[in-house]
Every structure is written in structure tokens, then in C-alpha cells.
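In my numbering, the protein residues as written are 140 to 197.
Positions of the beta carbon are idealized from the N, C-alpha and C atoms, including for glycine.
These figures come from a predicted structure and were not determined experimentally.
Accompanying notes for the structure given below.
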């Protein structure tokens, strides 16, 4: 079995939080890892209010 290995990339994440469009840059191996890294810094009630707009890899 071959395991898919993704290279570390810079992900630019745009998301809405409390009526503001926020943009963060996160180094991660995948989109899912970038999302988890972003959400890690927020409390549970804030996580429920985040609406993702786009995730781009640079």
C-alpha cells in the first residue's frame, strides 16, 4: 500500500467571523490540517460562527 504524502504548503484561508471577513495564512500538509490549525485557536462558541469562504494553496 502506498501512502499519499503531501508536501507542506502555505494555505490562505478566508472566512467570516462575526460579520468580518478574516484572512489567515497557515503552513500545513493539507486543507483539512490547515482548517484544524485555524480552529485550534478559537473557543467552541466561536468555532460554530466561522463560515469558510475559500482555501487556496500557494
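Based on the DSSP output, what are the partners of residue 163 in its beta bridges?
152
With the cut-off set at 7 Å, would you say residue 197 and residue 149 are in Cβ contact?
yes
Alpha carbon to alpha carbon, how far is residue 180 from residue 162?
14 Å
What's the C-alpha gap between residue 156 and residue 173?
17 Å
DSSP three-state call for residue 190: helix, strand or coil?
strand
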